[in-house]
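**Student:** Per the numbering used here: the sequence shown = residues 1 to 186.
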Amino acid sequence: MEFFPALTDDHRAFVARQPVFFVATAAEGARINLSPKGMDSFRVLDANTVAYLDVGGSGNETNAHLAADGRITIMFCAFDQPALIFRIYGTGRAVLPQDTEWAELYARFTPLPGTRQIFVISVGEVQTSCGWGVPFMALERERQTLSKYHAAQAGTERLAKWAGRTKSIDGLPVRVATVLPDGGGA
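(1) What would DSSP say about E2, mapped onto helix, strand or coil?
(2) Can you look up G155 in the DSSP assignment and give me helix, strand or coil?
(3) Who are V120's beta bridge partners in DSSP?
(4) Cα-Cα, which of W132, E125 and A27 is closest to L172?
(5) Hey, R116 and N60: beta-carbon distance below 9 Å or not?
(6) Compute the distance between the beta-carbons of L112 and F14, then report whether it is under 9 Å.
(7) Which one or two residues does DSSP pair with F79 in a beta bridge?
(8) Helix, strand or coil: how does DSSP classify E104 here?
(9) Given D80, which residues of its chain have a CB within under 7 Å of its CB, disregarding the five upstream and five downstream residues?
(10) Thinking T49 and V120 are a contact (beta carbons under 8 Å), I'd like their distance in whole angstroms, please.
(11) Candidates T100, L105, R108 and P36: which alpha carbon is nearest T73's?
(12) Exposed or buried, what is F42 when buried is set at 16 or more other beta-carbons lying within 10 Å of its beta-carbon?
(13) Taking all protein chains shown into account, decide if T156 is buried (16 or more other Cβ within 10 angstroms of its Cβ) or exposed.
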């Protein structure tokens, strides 16, 4: 196991090759949330800042936890050779389409249907470990279900759905998008 104060070029290359990553957050008195992510939604902005595009799903726990506590861990695993587990420890915040920094951040990503926010993480420390217990697996393909669902949904319908989801499963407040990523909507 080794710790680093920032992402190195080797770390960036490793992250760029991974099709999936895992996000963990918690707030005092709330459930720990752990979610898998994919869809080419992760970006290294610089050695001490990373971000990921968040597509609307069934909940919004990360938003609530980051507002309440700020702590976040992101984990990548190599499912091929060489074996490696890579963790990013940091503090994060949600940037929504109505926020002033949205356009600059959103331009760093390939637009995805249903995008509701970008999580920006200030890297506190990164850690590598062996990963020898992680099985070998190969990516067959990305799932298209979520993208198709959002692409078929009207923007006003999506905004209305998000407007009704202002609490986490533990009752913490959630800040929601009031405009669509392209600036349309309410």
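Note that CB positions come from ideal geometry on N, CA and C, so glycine has one too.
Computed from a prediction, not measured in an experiment: that's the story for all the values here.
**Tutor:** Per the coordinate set shown:
(1) strand
(2) helix
(3) A51 and R93
(4) A27
(5) yes
(6) no
(7) For F79, which the question treats as bridged, DSSP gives no partner whatsoever.
(8) helix
(9) F136
(10) 7 Å
(11) P36
(12) buried
(13) exposed
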